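Enquirer: Just dropping this structure here.
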Amino acid sequence: MADQIPLYPVRSAAAVANRKRAAYYSAAGPGPGAERPSRYQLEDESAHLDEMPLMMSEEGFENDESDYHTLPRARVTRRRRGLEWFVCGGWKFLCTSCCDWLINICQRKRELKARTVWLGYPEKCEEKHPRNSIKNQKYNVFTFIPGVLYEQFKFFLNLYFLVVSCSQFVPALKIGYLYTYWAPLGFVLAVTIMREAIDEFRRFQRDKEVNSQLYSKLTVRGKVQVKSSDIQVGDLIIVEKNQRIPSDMVFLRTSEKAGSCFIRTDQLDGETDWKLKVAVSCTQRLPALGDLFSISAYVYAQKPQLDIHSFEGTFTREDCDPPIHESLSIENTLWASTIVASGTVIGVVIYTGKETRSVMNTSNPKNKVGLLDLELNQLTKALFVALVALSVVMVTLQGFVGSWYRNLFRFLLLFSYIIPISLRVNLDMGKAAYGWMIMKDESIPGTVVRTSTIPEELGRLVYLLTDKTGTLTQNEMVFKRLHLGTVSYGADTMDEIQSHLRNPYSQMQSQASGNATGSTPPRKAQSSAPKVRKSVSSRVHEAVKAIALCHNVTPVYEPRAGVIAEAEYAEADQDFSDGNRTYQAASPDEVALVQWTESVGLTLVRRDLASVQLRTPSGQILTYCILQMFPFTSESKRMGVIVRDESTAEITFYMKGADVAMSSIVQYNDWLEEECGNMAREGLRTLVVAKRALTEEQYQDFESRYSQAKLSIHDRALKVAAVVESLEREMELLCLTGVEDQLQADVRPTLEMLRNAGIKIWMLTGDKLETATCIAKSSHLVSRAQDIHVFRPVTSRGEAHLELNAFRRKHDCALVISGDSLEVCLKYYEHELVELACQCPAVVCCRCSPTQKAHIVKLLQQHAGRRTCAIGDGGNDVSMIQAADCGIGIEGKEGRQASLAADFSITQFKHIGRLLMVHGRSSYKRSAALGQFVMHRGLIISTMQAVFSSVFYFASVPLYQGFLMVGYATLYTMFPVFSLVLDQDVKPDMAMLYPELYKDLTKGRSLSFKTFLVWVLISIYQGGILMYGALLLFESEFVHVVAISFTALILTELLMVALTVRTWHWLMAVAEVLSLGCYVASLAFLNEYFDVAFITTVTFVWKVSAITVVSCLPLYVLKYLKRKLSPPSYSKLTS
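Under the working numbering, read the sequence shown as residues 5 to 1139, first letter to last.
As structure tokens, this is what we get:
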């Protein structure tokens, strides 16, 4: 019977694919595609639209003119052929394809299949299932060293140094001591390997701790202890309260009398609310635990899949006549990584290890690389080209004599300091310092840096994509409005509702006490006759009762102090007072509604799977039997419940949901749409509440069809939905509720600051259009004076075409678009839509799914080519946060999932202002200065080497050898250069006060080819002066040239650091003095390189001073003139 339930036709993905294919073949022209046009017929006007320009008048559609100049929709690039293709990235493609093929051969993935699991008999499993062990490690013992080395040497910089260092083993190419090349490279690699080893060991320990947790396993011989990693499919596992569920299970039994339990799912879906789970009734009814082995039963489970919110299966008991079949859904499952919150549960394991929902939903986040690192990598390549060019020039000037290629290689090695190996070390240490500064900032307490490699990204952001609920708002709901069509109640008139409620319940009580048989009260007759106009009092009563019954909220009472928390304690030991009650539900809206019904006098006191108990204002307890429950889903956007009143045996179907879903279900009315719009403009979240009275016959017919649909294996969800829809007709509209979600602290000034900083803000939310628009206005995301263009719902290509043209004519207005319309536009006009949206001051996308949020982020990265930042607080924001260049998570009401997946974690939205304006800005400016200074340090010594070689007949002889080179890059200059990470151009308060300073950074002027060339020219000038000066002033011995030039070089570097610094810090001064002290002290020990008798003379001192002054003084003069004639923007604020 279940298979005969009519299914509504669903537009399949295949139809869409066929349409695309048809467009392709129609454009293919003669050839193999032209042979089969009849097979792919077009459904709509797609063929015409492909050839129409987007910007055209509506008349064009009406006249269907075909003489437009064709404008192809996709910008197809000319396909490169042969050698050109191979050079322009083809080799990369070939290598990747080969590697992927080899990997696929090595680890063929097993096909996932549905399974039959016998209770307590793992050996009956037909197939082998994965081990139930958690493995978060990146490497194993064999792959650790190769893996880490590959990660390091895939960077051009490190690979280059490896080649240079290895060349020193060849005697003909050796130009210095081995340690001068291998010591810096070894240090970098040792630090990296140590860091990776520590991280890997920590991951190993965490995995071991989880895998070795002990659980009770039920066997024929009784309970045995088993490790989490040894659990198999088919095992019966007992999980105690507050214990982690080790694998995906079907819930068989619980110690709770109600046959249900609560679980906490915050580690799985990011939601902090408890979820109610229901035991299989057949096994829950068994007298004792051991009886699970006396029955012959199995579970049929669908194949493992990603969706954590759905499950289809059946439970079958074979040893009784007839066999018992029971359908299983998501409420009968216990997923791994959730926590049991009440009672003890027993379940049968259906999925283990890699096949569990939690592991399947764990995606490996992409390795984020900052824009600054990519820019520096480009500059490194430019330096490499310069290095090769310089070496070729040297060999050419030599006249290609003898074995010139050997000389070329020696020159390449001599000038190898052009590319400094210390660049990577300095930048990594700088990033660690910025992360430490962010976490120690008392103005933004609780901020955590989880990805330490991209702090500079915070200073380059152009687009901020934010969630709404819990990010801009507090996710704290307050009931504000009840509308009955003719009368509306607000916060100041709730006392009237209380008086309306007292009357019917006091009448009920007096009648019940006066009439022992408990005949139906007169108001019931009134409610069943829709022709009679009801009084306001009875309508209020009906509405409040519907709100109090139609929900998934459960009141939870904490046990009294001193009472052992056993499932079997007497009810007298539990405290049922109002003060001890808390409400648990899957949504804060639900809790707000139930708390409001309590405040007006109708209190929810008890709830289990079968019944609900309400307490009236007079203290009477009303009991309702729950016959069916239809939970809320994002597709249906509504939830319902069928209840039977125990006192009157009346059956009522209550339903509540979003206005878009409910407007077609309720009876005709003229006020619902208008009032929904009014409430949404006030920023309230609206819910429509309706009911339908059912006779016993109607309900029995429905129940038989519903049970059949739930047991079907194929298209179960569609069949169940079809049966439920048969009830959802002509329902009586009871009321409209409005709940307010309050804004986070200081959201308005923060958004204002970000807008002034040149950051465009997009709000991506799953909420409805009206609420999203209203929050956008109230938070000043869209300013009061700004126009808002609401993108009309579009379903076809033609509609999208016209709507985009209408939007194009608007100027400087915010865009509001729904997820469905967005999907249609992106399908046909992706480039045009993104181009138009990027010009808007603000964009609001409502009704967005988590995957759509991530898709929008990727689109912005592709089309705009600017840096994006995503900020959110729930599990549904994780994909967006991981896709963005910089992800920020807020620890909010929806759990910690977003903050754990993010690169930076903050506690409040307002902290993002300081994080970007102060820390992001200074991190970028400091790293840019540090990177360029380290390059300058290498360039200056290479210039000196070039001058030295050219003077001495282009000999490939090193100027400085051994310890001098190592000391130059480390002991003598490292501390002053690294102290640039403490530099700041303006004080933090000033950066917060003038967010316009941030706007300059997005242009990337602090580190560009222009600034880089300035540093190159400075290096050539200073290197030339130092070397020629030393050669001019040296007297009798060559060793004096080394002494004079090297000392002048060290002094020049220290003075250049002082020139670069904008605000002095006491540590900078200490670093300068300390470095100079180290150099002077080391002169006594370096007899090999220096003539001690010479360096203690006055001649040495004045010569060194003269050269240093000539190399540095002009730069100080130029800096002074630049500050006077063309001061930077920040100096105008500080002066």
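Glycine included, C-beta positions come from ideal geometry on N, C-alpha and C.
Keep in mind the model is a prediction, meaning the values are calculated, not measured.
Under 8 Å, with one C-beta from each stretch per pair, do the stretch 141–156 and the stretch 202–210 reach the 3-pair mark?
Expert: Short answer: they touch.
Enquirer: Go through its chain and collect everything with a Cβ distance to Ile448's Cβ below 7 Å, but skip five positions before and after it.
Expert: Ile910, His915, Arg918 and Leu919.
Enquirer: So Asp791 is in the alpha helix (DSSP H); what residue range does that whole segment cover?
Expert: It is not in any alpha helix (DSSP H) - Asp791 instead sits in the beta strand (DSSP E) that spans Asp791 to Val794.
Enquirer: As a quick exercise: from Arg851, Val1084 and Ala841, pick the residue whose alpha carbon is nearest that of Gly823.
Expert: Of Arg851, Val1084 and Ala841, the residue nearest in Cα terms is Arg851.
Enquirer: How is Gln843 classed by DSSP in three states: helix, strand or coil?
Expert: Here Gln843 sits in coil by DSSP.
Enquirer: Select from His1044, Ser983 and Leu1119 the residue whose C-alpha is nearest the C-alpha of Leu934.
Expert: The option with the nearest alpha carbon to Leu934 is Ser983.
Enquirer: Is the Cβ-Cβ distance between Gln617 and Leu626 less than 8 Å?
Expert: Yes, these two residues count as a Cβ contact at 8 Å.
Enquirer: Which value, in whole angstroms, describes the spacing of the CA atoms of Ile1099 and Thr1051?
Expert: Computed Cα separation, rounded: 10 Å.
Enquirer: Does the beta-carbon distance from Leu1037 to Thr1056 come in below 8 Å?
Expert: Going by C-beta atoms, Leu1037 is not nearer than 8 Å to Thr1056.
Enquirer: Let me know the secondary structure DSSP gives Leu1053 once reduced to three states.
Expert: Leu1053: helix per DSSP, three-state reduction.
Enquirer: Look at the Cβ atom of Asp593, then the Cβ atom of Arg689, and state whether they are nearer than 8 Å.
Expert: Their beta carbons are under 8 Å apart, which means Asp593 touches Arg689 by this criterion.
Enquirer: Applying the 10 Å Cβ sphere with the 16-neighbour rule, what's the burial state of Gln901?
Expert: Its Cβ being crowded by 16 or more others within 10 Å, Gln901 is buried.
Enquirer: Hey, would you say Leu740 sits closer than 8 Å to Val645, going by beta carbons?
Expert: Contact flag unset, no.
Enquirer: Once DSSP output is grouped into helix, strand and coil, what is the label at Tyr143?
Expert: Of the three classes helix, strand and coil, the one that applies to Tyr143 here is coil, per DSSP.
Enquirer: Below 7 Å CB to CB, which residues in the same chain sit around Thr184 once its five sequence neighbours on both sides are set aside?
Expert: Cβ within range, chain order: Gly966, Met969 and Val970.
Enquirer: Taking 8 Å as the cut-off, does the stretch 657–672 touch the stretch 727–738 (at least 3 CB pairs, one atom from each stretch)?
Expert: Flag = yes, the stretch 727–738 and the stretch 657–672 touch.
Enquirer: Please go through the same chain and pick out, in chain order, the residues whose beta-carbon is closer than 7 Å to the beta-carbon of Thr586, but skip the five residues on each side of it.
Expert: Excluding sequence neighbours, Thr586 sits near Val560.
Enquirer: Taking DSSP as the reference, what is the three-state secondary structure of His859?
Expert: It is helical.
Enquirer: Is Lys307 helix, strand or coil when you go by DSSP?
Expert: Of the three classes helix, strand and coil, the one that applies to Lys307 here is coil, per DSSP.
Enquirer: On a Cα-Cα basis, can you pick out the residue from Ala810, Ile792 and Gln790 that is closest to Val798?
Expert: Measuring from the Cα of Val798, the nearest candidate turns out to be Ala810.
Enquirer: Are Asn136 and Ser233 closer than 8 Å when you measure CB to CB?
Expert: Result yes, Cβ atoms of Asn136 and Ser233 sit closer than 8 Å.
Enquirer: On the DSSP bridge assignment, give the partners of Glu330 in chain order.
Expert: The partner list for Glu330 (beta bridge, DSSP) reads Phe319.
Enquirer: Roughly how many angstroms lie between the CA atoms of Gln306 and Gly317, to the nearest whole one?
Expert: Between Gln306 and Gly317, the C-alpha separation is close to 6 Å.
Enquirer: Suppose the cutoff is 6 Å on Cβ atoms and the five residues either side in sequence are ignored; what does the same chain contact list for Ala437 look like?
Expert: Answer for Ala437: Val985, listed in chain order.
Enquirer: When you compare the stretch 974–982 with the stretch 1071–1090, are there three or more beta-carbon pairs, one atom per stretch, that lie closer than 8 Å?
Expert: Yes, they touch.
Enquirer: Terminal residues of the continuous alpha helix (DSSP H) containing Lys231?
Expert: Per DSSP, Lys231 belongs to no alpha helix (DSSP H); it is in the beta strand (DSSP E), Gly226 to Lys231.
Enquirer: Based on the DSSP secondary-structure assignment, which residues constitute the bridge partners of Trp278?
Expert: Note: Trp278 sits in a beta bridge opposite Arg268.
Enquirer: Kindly indicate which residue of Gly357, Thr558, Ala1088 and Ser640 has the alpha-carbon position closest to the one of Ile267.
Expert: That would be Thr558, whose Cα lies nearest to the Cα of Ile267.
Enquirer: Pick out whichever of Leu1087, Leu975, Met1060 and Leu963 has its Cα sitting closest to the Cα of Gly417.
Expert: Per the sequence presented here, residue 417 reads as Leu, with Gly not at that position. It is Leu963 whose Cα lies nearest to the Cα of Leu417.
Enquirer: Between the Cα of Gln172 and those of Phe160, Arg321 and Ala187, spot the shortest distance and give me the residue it belongs to.
Expert: It is Ala187.
Enquirer: On a Cα-Cα basis, can you pick out the residue from Gly605, Val168, Leu378 and Glu834 that is closest to Leu1011?
Expert: Among Gly605, Val168, Leu378 and Glu834, the Cα nearest to that of Leu1011 belongs to Leu378.
Enquirer: Which ranges would you report for the alpha helix (DSSP H) in the stretch 906–982 if only whole runs of at least 4 residues count?
Expert: As far as the stretch 906–982 is concerned, its whole alpha helix (DSSP H) runs of at least 4 residues are 915–918, 925–955, 967–973 and 978–982.
Enquirer: Using the C-alpha atoms, what's the distance from Cys778 back to Leu840?
Expert: The straight-line gap from Cα to Cα measures roughly 23 Å.
Enquirer: Check the C-beta distance from Asn682 over to Glu1000 and give it rounded, since I have them as a contact under 8 Å.
Expert: Incorrect: roughly 39 Å between the Cβ atoms, too far for contact.
Enquirer: Whose CA, out of Phe415, Cys265 and Thr384, lies closest to the CA of Val349?
Expert: Out of Phe415, Cys265 and Thr384, Cys265 has the C-alpha closest to the C-alpha of Val349.
Enquirer: Restricting to runs no shorter than 4 residues, where is the alpha helix (DSSP H) found entirely within the stretch 121–200?
Expert: Whole alpha helix (DSSP H) segments, 4+ residues: 148–157 and 160–171.
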